[in-house]
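The next block holds one structure in the form of structure tokens; read it before the comments.
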Amino acid sequence: MIKNLYITIIAIAAAVLLFAAFINQSSEPMQSNKDLIKFSHSLHSELVECADCHSKVAESISLNDRLLPNHDNCVDCHDVDDDNECATCHIDDNYEPLMQKHSDLIYNHKIHNILGMNCIDCHKGLDKVDYSFESSEVIPSMEICAACHNEVKIATNACESCHISTFSLLPQTHRNVDYTRSHKFQAWEVNANCMMCHDNTTCQDCHVSTTGITEMNLPDDFYPPYQPSNSIDGAKQQALLKVHGDFNYRYSHGIDAKGKTSECQTCHQKETFCVNCHQSEERDFAMAGIVPSSHLVDNFMAIGVGSGGGEHATLARRDIEQCVSCHDVQGADPTCITCHLDTDGIKGTNPKTHSSNYMSGEEGDWHENQGSICYNCHTSASPQSSQTSGFCNYCHGL
Numbered sequence: 000m001i002k003n004l005y006i007t008i009i010a011i012a013a014a015v016l017l018f019a020a021f022i023n024q025s026s027e028p029m030q031s032n033k034d035l036i037k038f039s040h041s042l043h044s045e046l047v048e049c050a051d052c053h054s055k056v057a058e059s060i061s062l063n064d065r066l067l068p069n070h071d072n073c074v075d076c077h078d079v080d081d082d083n084e085c086a087t088c089h090i091d092d093n094y095e096p097l098m099q100k101h102s103d104l105i106y107n108h109k110i111h112n113i114l115g116m117n118c119i120d121c122h123k124g125l126d127k128v129d130y131s132f133e134s135s136e137v138i139p140s141m142e143i144c145a146a147c148h149n150e151v152k153i154a155t156n157a158c159e160s161c162h163i164s165t166f167s168l169l170p171q172t173h174r175n176v177d178y179t180r181s182h183k184f185q186a187w188e189v190n191a192n193c194m195m196c197h198d199n200t201t202c203q204d205c206h207v208s209t210t211g212i213t214e215m216n217l218p219d220d221f222y223p224p225y226q227p228s229n230s231i232d233g234a235k236q237q238a239l240l241k242v243h244g245d246f247n248y249r250y251s252h253g254i255d256a257k258g259k260t261s262e263c264q265t266c267h268q269k270e271t272f273c274v275n276c277h278q279s280e281e282r283d284f285a286m287a288g289i290v291p292s293s294h295l296v297d298n299f300m301a302i303g304v305g306s307g308g309g310e311h312a313t314l315a316r317r318d319i320e321q322c323v324s325c326h327d328v329q330g331a332d333p334t335c336i337t338c339h340l341d342t343d344g345i346k347g348t349n350p351k352t353h354s355s356n357y358m359s360g361e362e363g364d365w366h367e368n369q370g371s372i373c374y375n376c377h378t379s380a381s382p383q384s385s386q387t388s389g390f391c392n393y394c395h396g397l
């Protein structure tokens, strides 16, 4: 009986392999524009502008418009009427039009062109390849789109504003059978970008009771990793896993936080969670006397123009995120402006954070974004600023 079963399994496997081989042989290989024409984006990028070839892009309102160049675009540089020159571009007398892939995205090149966007803002790496598909960045990633589509600058980040169907947006990494169990390992990674699509409410769909268990940080709250603890949330029973298995984690968590092995704020809200233990009547924990040993060294905070700021300035330049993890967690104005306050707008009269000519040659976001991090400390830019005041005059003052 078992022998017959083995024979049946082997026969089925052989049939599947033979069928796959037949399909592979009978199917024509995938064709690309590399089979139709000789072309180099790298070479052309040194000689012409993108719009010289892709002339219809500036007025295009759909990605399915015909945006690839044709003979009319080539005629300015190439002699398309000379039959002897055809082989310069065409391969094996193949004169089929270039193939353009269908897109399921909503995109309006015309609007983005009016807003002053450049081709290379989205389509990167074409100056280093021949054919566009050879560049991994020719199709912009969501990270590139999010530079503007982030609800902060000028554009919405609603999925349906760009995606015709949101059904197929699930990344390949999310398609594993056990992803509900293994997703935490990706969330722990330093470069995890879960917030690209998810917000805190996404986690709470399953992890509703987590906050209730961990808020007090009591010894009974700590469970070894991968050993579930049952919790009743209304009529729903959940199996909760604790990621912090160390019974002494209450006292050692600072090591992980400083080492950035994971992002604490993925699960914990620092404005409410940390203050359960790190309480302060002032605006930050340092005012309550809770400071790391690095803050106790001599000359930690040197005050005065030309002093260099002491050790605190060194630590801030090295990793200012560590400063923010304790300072200003209760939402007050930045602690830094206690000293770093520019009251007159004149260079050199107040403690400086940046070196001379800092970012003076860059087109930073402070030019158009009133929510720029620069304005956490600097006087807001204003066209009415006098010669000796205002943020603009640091670079543009007379």
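Position 372 (the sequence shown) corresponds to 371 in numbering that gives the first Met the number 0; numbering is contiguous.
Built from N, CA and C at the ideal position, the CB exists for glycine as well.
query                                                                                                    : result
DSSP-derived helix/strand/coil call for ALA380                                                           : Unreliable positioning characterises ALA380 in this predicted model, as indicated by a pLDDT of 49, which lies under 50. The coordinate reading is nonetheless provided below. Looking at ALA380 - three-state DSSP - the assignment turns out to be coil, as it is neither helix nor strand.
Cβ neighbours of LEU62 in the same chain (closer than 6 Å, five flanking residues each side left out)    : SER102, LEU104 and TYR106
LEU38, enclosing alpha helix (DSSP H) - first and last residue                                           : Here residue 38 is Phe; the residue named in the question, Leu, does not match the sequence. Segment: none, PHE38 is in no alpha helix (DSSP H) and carries neither H nor E.
DSSP three-state assignment for LEU104, whether helix, strand or coil                                    : strand
ALA256, enclosing alpha helix (DSSP H) - first and last residue                                          : 248 to 258
Coarse secondary structure for ALA154, derived from DSSP in three states                                 : strand
Touch test, the segment 290 to 297 against the segment 310 to 320, Cβ-Cβ under 8 Å, three pairs minimum  : yes
Rounded straight-line distance, which links the Cα of MET116 to that of GLY258                           : 38 Å
Straight-line gap, SER54 to LEU314 (C-alpha atoms, nearest Å)                                            : 52 Å
Closest by C-alpha distance to ASP71, when choosing among CYS52, ALA154 and CYS335                       : CYS52
Nearest-angstrom Cα separation, counted from CYS161 out to VAL79                                         : 38 Å
Any 3 or more C-beta pairs closer than 8 Å across the segment 175 to 189 and the segment 109 to 124      : no
LEU66 vs VAL74 beta-carbon contact at 8 Å                                                                : no
Contact under 8 Å by Cβ, LEU125 with SER135                                                              : no
Proximal residues to PRO28 (C-beta, below 6 Å), its chain only, five neighbours per side dropped         : Any answer about PRO28 is weak, because its pLDDT of 43 lies below 50 and its placement is not dependable; what the coordinates show is given next. Answer for PRO28: no residue qualifies.
Strand pairing of LEU89, partner residues [DSSP]                                                         : It should be noted that the sequence gives His, not Leu, for residue 89. Answer is ILE36.
Given 8 Å, three or more beta-carbon pairs between the segment 77 to 95 and the segment 161 to 170       : no
MET195 and ALA145 closer than 8 Å at C-beta                                                              : yes
Local Cβ density within 10 Å of CYS325, reported as buried at 16 or more and exposed below that          : buried
Which of helix, strand or coil DSSP assigns to ASP326                                                    : Note that residue 326 corresponds to His in the displayed sequence, not to Asp. HIS326 falls in the coil class under three-state DSSP.
Range covered by the alpha helix (DSSP H) that runs through LYS123                                       : Premise fails: LYS123 is in no alpha helix (DSSP H) and is neither H nor E.
Pair within 8 Å by beta-carbon distance, LYS37 and ILE110                                                : no
Classification of SER59 by the beta-carbon crowding that lies within 10 angstroms, buried from 16 upward : buried
Cβ neighbours of CYS147 in the same chain (closer than 8 Å, five flanking residues each side left out)   : ILE153 and ALA154
DSSP beta-bridge partners of HIS148                                                                      : ALA154
The alpha helix (DSSP H) enclosing ASP51, as first and last residue numbers                              : 49 to 52
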